[in-house]
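Novice: Here it is, the structure, as structure tokens.
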Amino acid sequence: MDLETLLSFEWGIMMPEFIILGVLTIITLLDLFMPKTQNRKILGWIGFVGILAAIVSLAGLLDKEVASILYDTFRLDAFAKAFKLILLVGAGLVMLLAISYEPKEGMKEYRGEFFYLFLAALLGAMIMTSSGDLITLYVGLELLSISSYVLAGIRKSNLQSNESAMKYVVNGSLSSAITLFGMSYVFGLTGTTNLADMRDMLMVIQDSQHVYLLVVAFLMIFVGLSFKIAAAPYHMWAPDVYQGAPTPVTAFLSVVSKAAGFALIVRMILSIFTAVAANGPGSTSILVNMEPYIAVVAAVTMIIGNVVALRQSNIKRIFAYSSIAHAGYLLVAVAALSLFMFDSLWFYLVAYLFMNMGAFAIIQLVTEKSDSEDLSHFAGLYKRAPFLAVAMGILVLSLAGIPGTAGFIGKLNIITGALVREQANYLLVGIMIATTVVSYVYYFRILAQIFFKQAPEGSESLPKIKIPVGIGIVIIVCVAASVLFGIFPNLAFDFLQTQFYEFGDFLQ
Amino acid sequence: MSLLSFLIFSPLIGVLVLLFIPKTQEKLLKGLGFLATIPALVISLSLFFQYRSGLKLETLSEKLDWIAFKNAIQYGEFFTIKYELGVDGFQLVLIILTAVVATLAAIASIHIKEEWKGYFMLFLLLETGMLGVFAAENLVLFFIFFEMTLIPTFFLIGKWGYEEKVKAAYSFLIYNGLGSAILLIVIIVFFARTGTTNIEALQTIMTSDNPQLIASMSDDLKLGLFIALLIAFGIKLPIFPLHSWMVRVHVQAPPSIVMLHSGILLKIGAYGLIRFGMGIFPEQFKSMAVMLAVLGVINLLYGAFLAFVQKDFKMVLAYSSISHMGIVLIGLGALNEAGVQGAVFQVVSHGLISALLFFLVGVFYERTQTTQFEKLGGMAKAMPITAGFLLAGGMASLGLPGMSGFVSEFMAFLGLFKEMPVLGAVGALGIIMTAVYLLRAVLGITYGTANWKWYGAKDLSPVEFVPAVALLALIVLIGVYPNILSEPLQSTLETIMLRIGG
Chain G
10 MDLETLLSFE WGIMMPEFII LGVLTIITLL DLFMPKTQNR KILGWIGFVG
60 ILAAIVSLAG LLDKEVASIL YDTFRLDAFA KAFKLILLVG AGLVMLLAIS
110 YEPKEGMKEY RGEFFYLFLA ALLGAMIMTS SGDLITLYVG LELLSISSYV
160 LAGIRKSNLQ SNESAMKYVV NGSLSSAITL FGMSYVFGLT GTTNLADMRD
210 MLMVIQDSQH VYLLVVAFLM IFVGLSFKIA AAPYHMWAPD VYQGAPTPVT
260 AFLSVVSKAA GFALIVRMIL SIFTAVAANG PGSTSILVNM EPYIAVVAAV
310 TMIIGNVVAL RQSNIKRIFA YSSIAHAGYL LVAVAALSLF MFDSLWFYLV
360 AYLFMNMGAF AIIQLVTEKS DSEDLSHFAG LYKRAPFLAV AMGILVLSLA
410 GIPGTAGFIG KLNIITGALV REQANYLLVG IMIATTVVSY VYYFRILAQI
460 FFKQAPEGSE SLPKIKIPVG IGIVIIVCVA ASVLFGIFPN LAFDFLQTQF
510 YEFGDFLQ
Chain E
2 MSLLSFLIFS PLIGVLVLLF IPKTQEKLLK GLGFLATIPA LVISLSLFFQ
52 YRSGLKLETL SEKLDWIAFK NAIQYGEFFT IKYELGVDGF QLVLIILTAV
102 VATLAAIASI HIKEEWKGYF MLFLLLETGM LGVFAAENLV LFFIFFEMTL
152 IPTFFLIGKW GYEEKVKAAY SFLIYNGLGS AILLIVIIVF FARTGTTNIE
202 ALQTIMTSDN PQLIASMSDD LKLGLFIALL IAFGIKLPIF PLHSWMVRVH
252 VQAPPSIVML HSGILLKIGA YGLIRFGMGI FPEQFKSMAV MLAVLGVINL
302 LYGAFLAFVQ KDFKMVLAYS SISHMGIVLI GLGALNEAGV QGAVFQVVSH
352 GLISALLFFL VGVFYERTQT TQFEKLGGMA KAMPITAGFL LAGGMASLGL
402 PGMSGFVSEF MAFLGLFKEM PVLGAVGALG IIMTAVYLLR AVLGITYGTA
452 NWKWYGAKDL SPVEFVPAVA LLALIVLIGV YPNILSEPLQ STLETIMLRI
502 GG
């Protein structure tokens, strides 16, 4: 590749990535040369401003037609833009949480690393949504994963943090390996790593042996990627890692990393496996034939997530299982494969981003000063801090999918999508609704602690909960968005329809 | 702002004002809580009088664009949900009932002892939900208001109730959550298959021979949807055997909330069956009518028998509610004009009567800290006025002619005897049982072995007079002049009868 071709690329469409990369480099260098005694929080604010700048530059790219550079390895279509928006907003909020994160011990020395690792992970996630090639896709995935491993274990002196990082590395690398193995089949059959070329090659496949191989490839890739979104039965790591990791990291894993995982799943399976006819030309594609499998995974995920959450008493574990359950709801949208798939997935991720992030902000605030994260810390919160109590109430109601909140509209959208087809999967929808009712039990247990329980003895002597600026912003933004998107969902749908044309350019 | 929206959301103004009142100001909070229920009452009553002097209710309808799940260019009106409100005679009556009972329950809330601020904010939120349920013109909006009643009630029971309040609140939440989940499935199936949730549009679609649909709806699917709807509203009403939560709520919730719960919230079940069951599924409703009537008789007898063996007055009233809701089902199952009219009358009448009785329960409990009638006894001596109201309420409940209970029971049974005389005869036993258990309970409290401990207890205070007198006056008014209710219902009933071809 000579300089001329290099310059002929339209680098502008990578602007958001470049900004993140630049800020990441600056923070790394600053952290290196700053005196040890200097407070590192300023680096967090620089990172936050960088993310804001990336959002602005992404907004400038919204009108752009679909474009790809670097020999189709990087493409910017509506899908990429929509998911990048989620990732950037999510990462911005996580950054605010990280700036205000003040645990008892073990954070002071590594705070600088904390910030630039977040940005590195974010960069990986952004590349994942935009990639048109298995290589970039995998590079993005690994960048995200490896940064997350370090983040989970950043409190070096904390036993749980270490345990969580170790578990995450082992499980995560296993899943990456399985994904890669699955990809190798597809590569072997087509001889290319480019998604668009692959599609063209696969269209003409007729040999049923090859189709079998592709089914194996599909299962491998799907298994590997279900790790990332914490779907059953590959969810085991989530509760331990969520519990042990610092709260901002947990928020990052459950929101940003999960959104990136869904972007990746949709990008891969839709680009590759819709092209292969399962039983000769003209028949339905492998993906349609594999739909029951996705549906089973979705159902099991929802059931395990919601039922096991009932037995937990650690608030972060409850939210870990709740986030597993939400992955299940999102998989229902994927399994339905209807004309609602993209928008319901996107809207639900937006809603989930705000409600979950807000809840983690409050969890961080309430539990960071204590040794455990037991649910009983929330007892009598209504008396101690009415603002936090009401905010948590709204966010939890949104997670439970109560009307008037974004969570409800999201579920409504997903279920409508699942039922709109002629052969609707009523069983799956039934399970989704039934498990939602089950989830009321543990969500309302949190609310019962906050509003009904008396504060434990001696809690009057506890210091008043001070809300730092960063967390205050996160909570207000999240609560406002959860309510606003619940009452005026058209704000989001209009945006979706006018800016992203309902993702019509996905396969162009 | 349009009148109907203002009517529904006016309690929320109160919520906003309450936000800025310090939570120790008991008198102020209670006063504002009461005041916030007034606009809805005034508007709904003035609408009623305007309606009687010729106002067309259609002019009140509101329609605004709200949610479009898909772009308008490709899908047009499909997959859009509008903000649609409207009332017909039946809905207007229920809105008035809600406004009246809510105002009176706000007065009854003087007995609340703590956390007045949170209490009234939730109370007003609940009122908005209830008003909205009866004015919503599409299923999604209906559902949102429906759930808006669920959450505040959960907190009101769980925080301000009696000893076992948290358990009762959970029981309420899970049963009703399940009910609304089933309802949600029905709503979304409609939305996904027809692309709309407008009730009127759905009525046309369901009765036309080849409607324009997104995906087909088989007869089996329609029947399945109807049964799901029946279960969803059956939990709310409640229909035996889905009633256990409701007994717990009646016993554990604070009396002012039970006034709303028994008076209005249970009626949403009946409203849903009439408006959606009969309106959207006329054919399916007809095929299940006998079963409904049988369920009604079971409810009537089961409630009556269990009410007979209770020792706690609150339990008697709880089972009596189940029993009386049986009459609604009987009337609906009869499928003729008299029956349906009886059912609607029963909805309104029982709303008033149970509100009155639970208000009096609250008054007694306030003085004596008990509702066991063994311990009460001889109240006619201790608190003669309260006891008098209780006697009157009891009489109304057992269907004494000249009071509202009589009209509704008479019409419901008139309808049933016309269609299924044997079932009617069995059901009539329930009427006798009703008289037995109510007299046993009411007489046990007012006369019975006198308990001198209560002698000298303060009788009704001036504030407490208001709900008692107002409710009793309405009960008697409907009893002696039923036309005040049947006139606004006329046109709604005619449309319903036309649809089910009865």
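In order, the protein sequences belong to chains G and E.
Each residue of the first sequence is one higher than the one before, counting from 10 in our numbering.
Each residue of the second sequence is one higher than the one before, counting from 2 in our numbering.
All residues carry an ideal CB built from backbone N, CA and C; glycine is no exception.
All figures in this text were calculated on a predicted structure; none of them were measured in a lab.
1) Under 8 Å, with one C-beta from each stretch per pair, do the segment 332-351 of chain E and the segment 444-452 of chain E reach the 3-pair mark?
2) Just tell me which of G416(G), S385(G), T293(G) and A62(G) has its CA closest to the CA of L339(G).
3) What's the gap between the Cα of S245(E) and the Cα of Y177(G)?
4) Considering only the alpha carbon of each residue, which of L106(G), V483(G), V58(G) and T145(G) lies closest to T256(G)?
5) What are the complete beta strand (DSSP E) segments, minimum 3 residues, inside the segment 162-246 of chain E?
6) Does the Cβ of Q252(G) have 16 or more other Cβ atoms within 10 Å, making it buried, or fewer, making it exposed?
7) Which word fits T99(E), buried or exposed, when buried means at least 16 other C-beta atoms lie within 10 angstroms of its C-beta?
8) Per DSSP, what kind of secondary structure is E300(G) in: helix, strand or coil?
9) Are the CB atoms of I95(G) and V359(G) nearer to each other than 9 Å?
10) Taking any Cβ of chain E, which residues in the segment 280-308 of chain G have a Cβ under 8 Å from it, in chain order?
11) Nearest CA to the CA of T310(G): which residue from W246(G), A241(G) and L273(G)?
12) List, in order along the chain, the chain E residues whose C-beta lies closer than 8 Å to that of R320(G)?
13) Are L439(E) and S409(E) close, meaning C-beta to C-beta below 9 Å?
14) State yes or no: is the C-beta of V258(G) within less than 9 Å of the C-beta of L160(G)?
15) With a threshold of 7 Å on Cβ separation, who are the neighbours of E111(G) within its own chain once the five nearest residues in sequence on each side are excluded?
16) Please name the residue in A457(G), Q218(G) and T199(G) whose C-alpha comes closest to that of M210(G).
17) Excluding the 5 residues flanking L3(G) on each side, which residues of the same chain have their C-beta closer than 6 Å to its C-beta?
18) Taking the beta carbon of G332(E) as the centre, do at least 16 other beta carbons fall within 10 Å, making it buried, or is it exposed?
19) 9 Å is my cut-off, CB to CB: does T425(G) come that close to chain E?
20) Counting only the same chain and skipping the five closest in sequence on each side, list residues whose C-beta sits under 6 Å from that of Q253(E).
21) Return the bridge partner residues of T444(G) from the DSSP annotation.
22) Would you mind stating whether A41(E) and A137(E) have Cβ atoms separated by less than 9 Å?
23) List, in chain order, every chain E residue whose beta-carbon is nearer than 7 Å to that of Q506(G).
24) Any heavy atom of the ligand ATP closer than 8 Å to the beta-carbon of A100(E)?
25) When DSSP labels each residue in this structure, what does I312(G) get in the three-state scheme?
26) When you compare only the Cα positions, how much space is there between S181(E) and E19(G)?
27) Name the one or two DSSP bridge partners that N323(G) has.
28) Extract the residue ranges of the alpha helix (DSSP H) inside the segment 71-141 of chain E, only unbroken runs of 4 or more that lie entirely within it.
29) Taking the alpha-carbon positions, what's the M277(G) to T154(E) distance?
30) Flag this pair as touching only if the segment 106-123 of chain E and the segment 15-26 of chain E have three or more C-beta atom pairs under 8 Å; answer yes or no.
31) Quick check: the segment 63-71 of chain E against the segment 467-475 of chain E, are at least 3 beta-carbon pairs closer than 8 Å?
32) If I measure Cβ to Cβ from A368(G) and keep anything under 6 Å in the same chain, skipping five residues before and after, which residues do I get?
33) Name the one or two DSSP bridge partners that E63(E) has.
34) Suppose contacts are defined by Cβ-Cβ distances below 9 Å. Is Y125(G) in contact with N203(G) by that definition?
35) Please report the straight-line C-alpha distance between I183(E) and I411(G), rounded to a whole angstrom.
36) R393(G) CB to nearest chain E CB: under 9 Å?
Specialist: Let's see:
1) No, because fewer than three Cβ pairs between the segment 332-351 of chain E and the segment 444-452 of chain E fall closer than 8 Å, the two stretches do not touch.
2) G416(G)
3) 47 Å
4) L106(G)
5) none
6) Of the other Cβ atoms in all chains shown, 16 or more fall within 10 Å of the Cβ of Q252(G); this residue is therefore buried.
7) buried
8) helix
9) In this structure, I95(G) lies near V359(G), with their beta-carbon atoms less than 9 Å apart.
10) none
11) A241(G)
12) Those within 8 Å of R320(G) in chain E number zero; the least Cβ separation is about 16 Å.
13) no
14) yes
15) E377
16) Of the candidates A457(G), Q218(G) and T199(G), the one whose C-alpha sits nearest the C-alpha of M210(G) is T199(G).
17) With chain G covering 10 to 517 only, the question about residue 3(G) has no answer from this structure.
18) buried
19) yes
20) G162, Y163, E165, K166 and A169
21) Bridge pairing for T444(G): absent [DSSP].
22) no
23) N72
24) For the ligand ATP, the structure offers nothing, since it holds no ligand at all.
25) helix
26) 53 Å
27) D383(G)
28) 73-76, 90-109 and 117-136
29) 46 Å
30) yes
31) Counting C-beta pairs closer than 8 Å gives fewer than three between the segment 467-475 of chain E and the segment 63-71 of chain E, which falls short of the contact rule.
32) L404
33) In DSSP, E63(E) forms a bridge with L86(E).
34) No, Cβ-Cβ distance for Y125(G) and N203(G) is not below 9 Å.
35) 14 Å
36) Cβ-Cβ to chain E under 9 Å: no for R393(G).
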